[in-house]
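This report refers to the structure that appears directly beneath it.
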Amino acid sequence: MFARNLSSSVTPQQREHVAIAQDSMSHLLRIMNDLLDYTKLSSGSFSLHSDVVDIKEVMDAVIRNCKSSLKAGVELTTTVPPGFPRLLHGDPLRDRQVLQNLVDNAVKYTESGYIKVFIFCYEDEQQPGRCTVRTEVADTGIGVPDNAVNTLFTPFTRFATSATRAYPGTGLGLSICKSLAKLMEGTVGYSPNPESQGGSIFWFTVKMGCSRSVARSPTINIGSPVPANRNTEDELRLIAPQKHILLVEDNLINHTVMLKLLRRLGFERIDGAWNGSEAVRLIKQKPLSYDVVFMDISMPVMDGVTATTRIREMGLQMPIIAITGNVLQGDTDKYMASGICDCIAKPVHHDQLLNVLWKWIGLACS
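Under our numbering, read the sequence shown as residues 711 to 1076, first letter to last.
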């Protein structure tokens, strides 16, 4: 947790060691998340959370998350055809997870050229109010050998070539994509990129709700490349000093780490509470003060779910984001039912915090 905080007060050699440790921790966290998802999907304990899906928001979030990993000279673009419904009904988190995985792979294996994301929507004539959304990720990367195509979506399988050995992975990502797409009444697939020698096209489909009112939503037009100089963190820093945050966390170490991470992002007005009861009291005193609340779930006196319920009973609608080690679907469903807007898993890291803050307070100001 402290790797990023340490990196600003060490020698160049120590900074290199910190960077190595940070990369190793991030890789380990990805492995743990993949194994957890695979276990839940295999056991049938994974369920979906139905909500409004803002396609532009999903695609923008994925692009923001990937752009720092792009190789120099690689162009990343997203294209949505005219007339595509902006808002649909489905599971935005799982739709993003599949897209994120496919774009991550394209970024990882593409050294030059382009990565293009296309999305299409087809009405289901046999199911009124339902549509099939197809997303394609085309790249000019290393491609897939013919002898590996049939096992691409098999768990713990990675095709071995001199090119792929340079890239770490569990062999679970595409298998998880396949299982998630199936849960969303869709499928996944692969084909070679006809525009590139060695490139790939990975695609997935999902079923979503599409009411008449939703279908008439404004068209999205995001077909331009991601600007190379656009920096979400810098943009967030511009608005951070004006924002007021309430941090509710009973563990001193976690509280301290969160404070440091928030201050590194430019947030200066941060109030602290050590349990849910104290948080409710602070919000009652100044109900319109806070722009976002970070709420630990397991706390003495009053837990985060109860505190959130009390806050929502006051009629307040500020974003409340859970900080928790319990990220199983059943747990998150309970959190959402209480009025929590989003969840981030412990240990919290910089990029995770940046993304959730941009989603809930940055986009509203952009």
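Glycine is no exception: its CB is placed at the ideal position from the N, C-alpha and C atoms.
| task | May I ask you to report which of helix, strand or coil DSSP gives His759? | result | In the three-state reduction of the DSSP assignment, His759 falls in the coil class.
| field | Helix, strand or coil at Lys1044 [DSSP, three-state] | value | helix
| message | What would DSSP say about Val768, mapped onto helix, strand or coil? | response | helix
| field | the stretch 837-844 in contact with the stretch 814-823 per 3-pair CB rule at 8 Å | value | no
| said: Judging by CA-CA distance, which residue of Leu893, Thr897 and Leu962 is the nearest neighbour of Gly754? | reply: Leu893
| Helix, strand or coil: which one does DSSP assign to Thr1034? | Thr1034 sits in a strand when the DSSP states are folded into three classes.
| Leaving out five residues before and five after Val924 in sequence, what residues of the same chain have Cβ atoms less than 6 Å from its Cβ? | Residue confidence for Val924 is low, a pLDDT of 38 falling below 50, so the modelled location carries little weight; the figure read from the coordinates is stated next. Same-chain partners within the cutoff: Pro795 and Leu797.
| Whole-angstrom distance between Val808 and Ile886, CA atom to CA atom | 8 Å
| request: Could you tell me the boundaries of the beta strand (DSSP E) in which Gly800 lies? | output: Leu797 to Gly800
| said: On the DSSP letters alone, give me the boundaries of the beta strand (DSSP E) that Ala1055 sits inside. | reply: Asp1052 to Ala1055
| query | Under the three-state reduction of DSSP, which class applies to Leu808: helix, strand or coil? | reply | It is Val, not Leu, that sits at residue 808 in the sequence shown. Val808: helix per DSSP, three-state reduction.
| Which residues DSSP lists as bridging Phe863, in chain order | The partner list for Phe863 (beta bridge, DSSP) is empty, contrary to what the question assumes.
| query | Taking the runs of the beta strand (DSSP E) that are 3 residues or longer, which of them lie wholly in the stretch 982-1026? | reply | 1002-1006
| query | If we cut at 9 Å on Cβ distances, does Arg979 have a partner in chain C? | reply | The structure shown has no chain C; it contains just one protein chain.
| query | Hey, out of Val990, Pro1010 and Lys996, whose CA is closest to Arg1022's CA? | reply | Residue Val990 is the option with its Cα nearest to Arg1022.
| query | Apart from the five residues on each side of it in sequence, which residues of its chain come closer than 7 Å, Cβ to Cβ, to Phe977? | reply | Ala950, Lys953 and Ile955
| Which value, in whole angstroms, describes the spacing of the CA atoms of Glu833 and His799? | Computed Cα separation, rounded: 13 Å.
| request: Quick one: residues in its chain with C-beta nearer than 6 Å to the C-beta of Met1009, no 5 flanking neighbours on either side, listed in chain order? | output: Cβ within range, chain order: Asp960, Asn985 and Gly986.
| task | List the residues that DSSP assigns as beta-bridge partners of Phe914. | result | Thr845 and Val898
| Assigned secondary structure, Leu969 (DSSP; H/G/I helix, E/B strand, else coil) | helix
| request: Give the single residue among Pro791, Leu992, His1060 and Cys776 whose Cα lies nearest to the Cα of Val813. | output: Cys776
| Leu972 to Gly1035, Cα distance in whole Å? | 19 Å
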